[in-house]
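Presented below is the structure to which this report refers.
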Amino acid sequence: MQMYYNLQYQLLKKYTCPTFFNVLRYAKRSLWPFHLPKRETRPLGTIPTNRKDSPYTVPNLLSICRIAASPVLVHLIINGHFSYTLSLFTVAATTDILDGYIARRFPTQRSTFGSIIDPLADKILVASMFLSLTYCQMIPALLTIVVIARDVCLITTGLYLRLSTMRSFDQSLGSVFHFSTQTVKITPTILSKINTFMQFALVTATLIKPIGNYDLQTTLNILSWITGFTTVTSGIQYAFSKTAFQMQQFQKEKTNAT
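If you're matching positions, the sequence shown starts at 813 in the working numbering and goes up one per residue.
Shown next as structure tokens:
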């Protein structure tokens, strides 16, 4: 096949006009052989954080749905509709598991925006549930303060590190909210995942108690103490861990002066 194209190429070069020959030469170079995109090369251990990715993914949609469900859950709890609250909260907790599975299973569904919106959606959901249940005197207020204080500290630290990285590369303040570029990577620890599970378990048990009039006070007390312990210890782990907050290498695009 290649020899045939070369023969046609030589004949047309000899017997056709120069303009047509130039067009054919361009087509030959473009279509044969098939050009594949060049593989990106970079120094070992570096991450191209200026890569643009799309935020329109299924995991991001699930995270946004989890955020949208939070005020609905607050309304249901305050009005005493615990059966509906438990059903909707179960669906919301399931989306948390599902979006993580999809992002790990399908690399095209991963995005920088997703690495931010997923933990943020969890914190909004947990804060909404704890605040509303505390308002109904179903969860101790001190535990709610500890849970929310930890999440606020994590969010504030992440924003501060992102702002510091952007400013060090002369980026504008508005670029901090352009989540297509990742400058700070927050890696959840195992203890943090256990803490999220315990928070969801405490909320679930708290909602089950008024539905069936079960005597779950001892269980709730144990879950509250465990949740408080994991909340404090996971927060301390984030503060002293060297891998929880990773500053990514921000590569500025170089332009030639004209």
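Beta carbons are placed, not taken as given, at the ideal position from N, Cα and C, and that holds for glycine.
Here the structure is a predicted model, which means the values were calculated and not measured.
Given residue i as reference, the closest of the options once Cα atoms are compared
i       : options                             : result
Gly970  : Pro919, Ala1051, Thr907 and Pro871  : Ala1051
Asn1007 : Met950, Tyr947, Ile1020 and Ser1036 : Ser1036
Thr1039 : Leu1003, Ile1023 and Leu1019        : Leu1003
Lys1005 : Thr907, Ala1017, Ser1046 and Ser940 : Ser1046
Gln1049 : Gly912, Pro1000 and Tyr913          : Pro1000
Met1010 : Ala905, Arg878 and Tyr972           : Ala905
Cys948  : Ile890, Val938 and Leu954           : Ile890
Ile960  : Leu873, Val1044 and Ser875          : Val1044
Ala953  : Ala939, Cys965 and Ala915           : Ala939
Thr907  : Leu874, Phe894 and Pro867           : Leu874
Buried or exposed (CB count within 10 angstroms, at least 16 for buried), residue i
i       : result
Thr944  : According to the sequence provided, residue 944 is Ser. The question's Thr does not apply to it. Buried, by the Cβ-count rule.
Phe901  : buried
Arg917  : exposed
Ala933  : buried
Arg863  : Residue placement at Arg863 is poorly supported in this model, since its pLDDT is 49, which falls under 50; the coordinates still yield a value, given next. By the 10 Å Cβ count, Arg863 comes out exposed.
Phe1041 : exposed
Thr869  : buried
Val1015 : buried
Ser976  : exposed
Ile1034 : exposed
Tyr913  : exposed
Contact test: residue i Cβ vs the ligand HEM heavy atom, cutoff 7 Å
i       : result
Ala1051 : For the ligand HEM, the structure offers nothing, since it holds no ligand at all.
Original post:
Do three or more CB pairs link the region 884 to 897 to the region 931 to 944 at distances below 8 Å?
Top reply: As far as the Cβ criterion goes, the region 884 to 897 touches the region 931 to 944, which means the pair count is three or higher.
Original post:
Of all the alpha helix (DSSP H) runs that stay within the bounds of the region 991 to 1037, which reach a length of 4 or more residues?
Top reply: Listed in chain order, the complete alpha helix (DSSP H) runs (minimum 4 residues) inside the region 991 to 1037 are 1002 to 1024.
Original post:
Between the region 924 to 936 and the region 1029 to 1043, do at least 3 Cβ pairs fall closer than 8 Å?
Top reply: no
**OP:** Give a yes or no on contact between the region 1012 to 1019 and the region 891 to 899, applying the rule of three or more CB pairs nearer than 8 Å.
**Re:** yes
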